[in-house]
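Reviewing the structure listed below.
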Amino acid sequence: MLHIARLTIWEALRRRILLATGVLTAGFLVLFWLEVQHQPRVAVTQNPLGNLSVALGSLALGAFFCYFVIAFFSIFSVSGSISAEIESGLLAPVIPRPLYRAEIVLGKWMGFAVVQCCYVSVLFFGIVVIVHAYYARVLPPAPAIIQAWALFTLQAWVLGAVTLLGSVRLSTLANGITVALSFTMAFLAGAVAQFPFAGTHGSMVDRLAVAMSLVLPTDNLYRRAVYELLGGRQGLLGLNSLGPFGAIKVPSMLYVLYSVIYLGMALMLSVRLFARRDA
Amino acid sequence: MVSLNAVEALGLTKRYGRVTACQGVNLLVPAGQIFGFLGPNGAGKSTVVKILLGLVPATQGTARLLGRPYHDREVHRRIGYLPELFRYPPWLSVHEVVDWHARVLGIASRRRAVIEALECVGLADRLHMRVKALSKGLQQRLGLAVAIVGDPDLLFLDEPTSAMDPVGRHEVGELLRAWRSRGKTIFLNSHLLAELEGLCDRVALIRQGRLLYTGGLDAILRAKSEFQVTTGPVPPACQRAWEQQGLVLCGGDGEWVYRGDRERLPELHALLARHRVAVYEVAPIHQSLESWFISSLQDTEEAQDAAHRTADHLGSPPA
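Line by line, the protein sequences give chains A and B.
Per my numbering: the first sequence = residues 1 to 279.
Per my numbering: the second sequence = residues 1001 to 1319.
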């Protein structure tokens, strides 16, 4: 399994895709830094609440960008892994080696997981450092930041596992589009449920949001991460002020546990499907 | 220890819905031989190889490789494979590709094994070249290096020289002969029948997923009982005499082809001597693998047509 993981990491490091991603991510962080730097700020003594609101908004904006950038990185880096490699003949010399097919699938996921973890760390801590440079007091204590980072990492891993599952059967393009649309739908369902009237408990919107969060639990992970990142601040200056991007309804830790189980199930299903697939 | 048979396949069948890629294929490949697996395009050759190597799950049937069940992953440490359609990561170097496979095989003296494999295929001077910079022929050499790294006992080669120039083909032929002389078994899929003719000990012919023939190559090449007879002038009385005796000779002007049993050659010789006909040479005419391949397929086609006609006839209502 480690041989495959090593090859996957090696590929990520060697191919130009990492260079392109690195340059674009650096560009993204520079733009985010400019956005934070040029926000209208007034003296703390004049309007402390207004300043806090701006700072939290920056942090939430950073988290939202982080959520989407990580998702697309996870989806598009994994979408062409198995089907495309079978079609191009990359796996033909590998499968007859003394490796179980499960090792190939799990090894690939492990390799992607390491790369995703590194990418999430760079992006997430880049945003945190930029916000910290201007609004040092806004950030929550370190354990909460680490929790938020772990949730973003888990989100990347879940999306990686789902995309890997899709890649066993679907072509690169079909898989990428399917997972990206499912991800967007999960976000939209979660976003609508944040509106106070639409998302009341038991309403159609609420049930739809719950159903979508079970189909793809990434939205709940994002909202939980935002909750941790904003230090659990509720009310008009906290999670409530962010509208569809916030977390008026904070997903419980049970959802995080569900995501971990979901991740395991997606990997198990990938292994089972790949075991039956012609190569 | 190498088993007596390197490959034993029993009833290998692969179906895709109503389409049958191969049906009840039984194969026996003795260890230490070069085995040629022949068949027209789409006959099911690659499917059988892919089943044996675990690339395609069989619908039915079982097999043993080197005396162990074919799905036993440990036996795959002793097997090398060059697929027909393959690609190596273009961003890796020649050395890195072979080294990765050597790592997976858990070879103790990996560095030496990798260099040896690359030397065998003539790529030792291109160690650091990227795969994407290699020509098709050189990529096929790299594929061969990957297949032979770790000194496997059984090699599966699917069209190993299809992209190579004549020099490359000759070198591969020599490599395979050397491999056989060390007791290794080679399972060869190829369309280049002239090459196989000079290499194989045994062949099998598959068509429409069914095995038509399996046996020694010598038996095929000698199967055609024809002899080239070079003589001096033959008087008409002599020709009448051999016709009366039921000997079949065609040709003329001293160049004849005798079609018949080898056992009747002394009879022919005595007849020619009686008529004072000078005999300069009697030589067997060998059948080429290609002519055998084509005639076998045509025979099967005709047999099938005949079977269909009989079935139609039996099935049709009386007039």
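All C-beta atoms, glycine included, are put in the ideal place defined by N, C-alpha and C.
If you draw a straight line from the alpha carbon of B:S1316 to that of B:L1212, how long is it in whole angstroms? In the second sequence, counting from the first residue as 1, residue 1316 of chain B sits at position 316. In the second sequence, counting from the first residue as 1, residue 1212 of chain B sits at position 212. Its pLDDT being 49, under 50, B:S1316 is placed unreliably in this model, and the value from its coordinates should be taken loosely. Cα to Cα, the separation comes out at about 30 Å.
Just grab the DSSP bridge partners of B:W1242 for me. The sequence position of residue 1242 of chain B within the second sequence is 242, counting from 1. Paired residues: none, contrary to the question.
Determine, using beta carbons only, whether A:S88 comes closer than 8 Å to chain B. Numbered from its first residue, the first sequence carries residue 88 of chain A at position 88. Chain B contact via Cβ: present.
Could you run through the region 1120 to 1148 of chain B and flag, in chain order, every residue whose CB is less than 9 Å away from some CB of chain A? G1143, V1146 and A1147
Could you name the residues of the region 1 to 17 of chain A whose beta carbon sits closer than 7 Å to any beta carbon of chain B, in the order they occur along the chain? H3, L7, E11, R14 and R15
Would you mind reading off the limits of the alpha helix (DSSP H) that contains B:L1281? Sequence index remark: in the second sequence, residue 1281 of chain B carries index 281 (1-based). For the sequence presented, residue 1281 of chain B should be read as Glu rather than Leu. It is not in any alpha helix (DSSP H) - B:E1281 instead sits in the beta strand (DSSP E) that spans V1279 to P1284.
DSSP state of A:K249 mapped onto helix, strand, coil: One-based indexing of the first sequence puts residue 249 of chain A at position 249. Reduced to three states, the DSSP call for A:K249 is coil.
Is it true that the CB of B:I1220 sits closer than 8 Å to the CB of B:L1271? What you label residue 1271 of chain B is simply residue 271 of the second sequence in a count that begins at 1. What you label residue 1220 of chain B is simply residue 220 of the second sequence in a count that begins at 1. Not a contact, by the Cβ cut-off of 8 Å.
A:L34 and A:V138 - do their beta-carbons sit closer together than 8 Å? Translated into the one-based positions of the first sequence, residue 138 of chain A becomes position 138. Translated into the one-based positions of the first sequence, residue 34 of chain A becomes position 34. Contact: no.
Positions along the region 84 to 118 of chain A whose CB lies within less than 7 Å of some CB in chain B: S88, G89, L90, A92, P93, I95, P96, R97, P98, L99 and Y100
Pick from B:N1041, B:H1286, B:A1006 and B:L1118 that is closest to B:V1257, judged by C-alpha positions: The residue given as residue 1257 of chain B occupies position 257 in the second sequence. Comparing Cα-Cα distances from B:V1257 to each of B:N1041, B:H1286, B:A1006 and B:L1118, the minimum goes to B:H1286.
Measure the C-alpha to C-alpha separation of A:D219 and A:L273 and round it to an integer number of angstroms. To locate residue 219 of chain A, count along the first sequence from 1; it is residue 219. To locate residue 273 of chain A, count along the first sequence from 1; it is residue 273. If I take the Cα positions, the gap works out to 26 Å.
Going by beta-carbon coordinates alone, are B:G1052 and B:A1021 separated by less than 8 Å? Here the question's residue 1052 of chain B lines up with position 52 in the second sequence. Here the question's residue 1021 of chain B lines up with position 21 in the second sequence. The amino acid occupying residue 1052 of chain B in the given sequence is Leu; Gly does not appear at that position. Not a contact, by the Cβ cut-off of 8 Å.
Assign A:D278 to buried or exposed, taking buried as 16 or more other Cβ atoms, counted over all protein chains shown, within 10 Å of its Cβ. Working through the first sequence from its first residue, we reach residue 278 of chain A at position 278. Label assigned to A:D278: exposed.
Strictly under 8 Å for the Cβ-Cβ distance: is B:T1300 near chain A by that measure? For the purposes of this step, residue 1300 of chain B is taken as the residue at position 300 of the second sequence. Judged by the 8 Å Cβ criterion, B:T1300 is not in contact with chain A.
Within 8 Å (strictly less), CB to CB, does B:G1042 reach chain A? Along the second sequence, read from residue 1 onward, the residue named residue 1042 of chain B stands at position 42. It does not; no Cβ of chain A falls within 8 Å.
Taking Cβ-Cβ distances below 7 Å as the criterion, which residues of the region 261 to 276 of chain A are in contact with chain B? R276
Return the Cβ separation of B:G1054 and B:A1102 in integer angstroms, given the expectation that the two are a contact with Cβ distance under 8 Å. The residue labelled residue 1054 of chain B in the question sits at position 54 within the second sequence. The residue labelled residue 1102 of chain B in the question sits at position 102 within the second sequence. Between B:A1102 and B:G1054 the Cβ distance is about 20 Å, and since that is not below 8 Å, they are no contact.
Is it the case that the region 1070 to 1085 of chain B contacts the region 84 to 103 of chain A, given that we only count it when at least three CB pairs across the two stretches are under 8 Å? yes
Compute the Euclidean distance between the alpha carbons of A:A133 and A:L151, then round it to the nearest angstrom. Taking the first residue of the first sequence as 1, we reach residue 133 of chain A at position 133. Taking the first residue of the first sequence as 1, we reach residue 151 of chain A at position 151. Rounded to the nearest angstrom, the two C-alpha atoms are 23 Å apart.
Which residue's Cα is closest to the Cα of A:L230: A:L56, A:V114, A:C66 and A:A20? Locating residue 230 of chain A in the first sequence gives position 230, where the first residue counts as 1. Restricting attention to A:L56, A:V114, A:C66 and A:A20, the CA atom closest to the CA of A:L230 is found in A:L56.
Once the 5 residues before and after A:M336 are set aside, which same chain residues still bring their CB inside 7 Å of it? Given a span of 1 to 279 for chain A in the structure shown, any question on residue 336 of chain A remains unanswerable.
Extent of the continuous alpha helix (DSSP H) to which B:D1158 belongs: Taking the second sequence and counting its residues from 1, one reaches residue 1158 of chain B at position 158. Premise fails: B:D1158 lies in the beta strand (DSSP E), L1154 to D1158, not in any alpha helix (DSSP H).
Which residues share a DSSP beta bridge with B:W1100? Mapped onto the second sequence, residue 1100 of chain B falls at position 100. B:W1100 is not bridged to any residue.
Tell me whether B:T1059 sits in a helix, a strand or coil according to DSSP, three-state version. Taking the first residue of the second sequence as position 1, residue 1059 of chain B is located at position 59. Three-state result, B:T1059: coil.
Per DSSP, what kind of secondary structure is A:V271 in: helix, strand or coil? In the first sequence, counting from the first residue as 1, residue 271 of chain A sits at position 271. For A:V271, the three-state secondary structure derived from DSSP is helix.
From the DSSP secondary-structure annotation, give me the bridge partner or partners of B:K1014. In the second sequence, counting from the first residue as 1, residue 1014 of chain B sits at position 14. In DSSP, B:K1014 forms a bridge with B:C1022.
Any C-beta of chain A within less than 8 Å: which residues of the region 1053 to 1067 of chain B qualify? Listed in sequence order: L1053, G1054, L1055, V1056 and P1057.
As assigned by DSSP and simplified to three states, the class of A:Y255: Counting from one through the first sequence, the residue named residue 255 of chain A turns up at place 255. Note: A:Y255 maps to helix in three-state DSSP.
Determine, using beta-carbon pairs with one atom in the region 1022 to 1039 of chain B and one in the region 260 to 273 of chain A, whether at least three such pairs fall under 8 Å. no
For A:Q147, name the three-state secondary structure that DSSP assigns. Start at 1 with the first residue of the first sequence, and residue 147 of chain A comes out as number 147. In the structure shown, A:Q147 sits in a helix (DSSP, three-state: H, G or I).
Taking its Cβ as the centre, do 16 or more other Cβ atoms sit within 10 Å of B:D1253, making it buried, or is it exposed? Counted from its first residue, the second sequence places residue 1253 of chain B at position 253. The residue is exposed, with fewer than 16 neighbouring Cβ atoms inside 10 Å.
Where B:Y1280 falls, given that 16 or more other Cβ within 10 Å makes a residue buried: The count along the second sequence starts at 1 and reaches residue 1280 of chain B at position 280. If you draw a 10 Å sphere on the C-beta of B:Y1280, you find fewer than 16 other C-beta atoms in it, and that means exposed.
Using a C-beta cutoff of 8 Å, does A:A279 count as contacting chain B? By one-based count along the first sequence, residue 279 of chain A stands at place 279. Answer yes: the Cβ-Cβ gap between A:A279 and chain B drops below 8 Å somewhere.
The region 172 to 181 of chain A contacting the region 139 to 149 of chain A, beta-carbon criterion three pairs below 8 Å: no
Segment contact flag, the region 82 to 89 of chain A with the region 158 to 171 of chain A, C-beta cutoff 8 Å, min 3 pairs: yes
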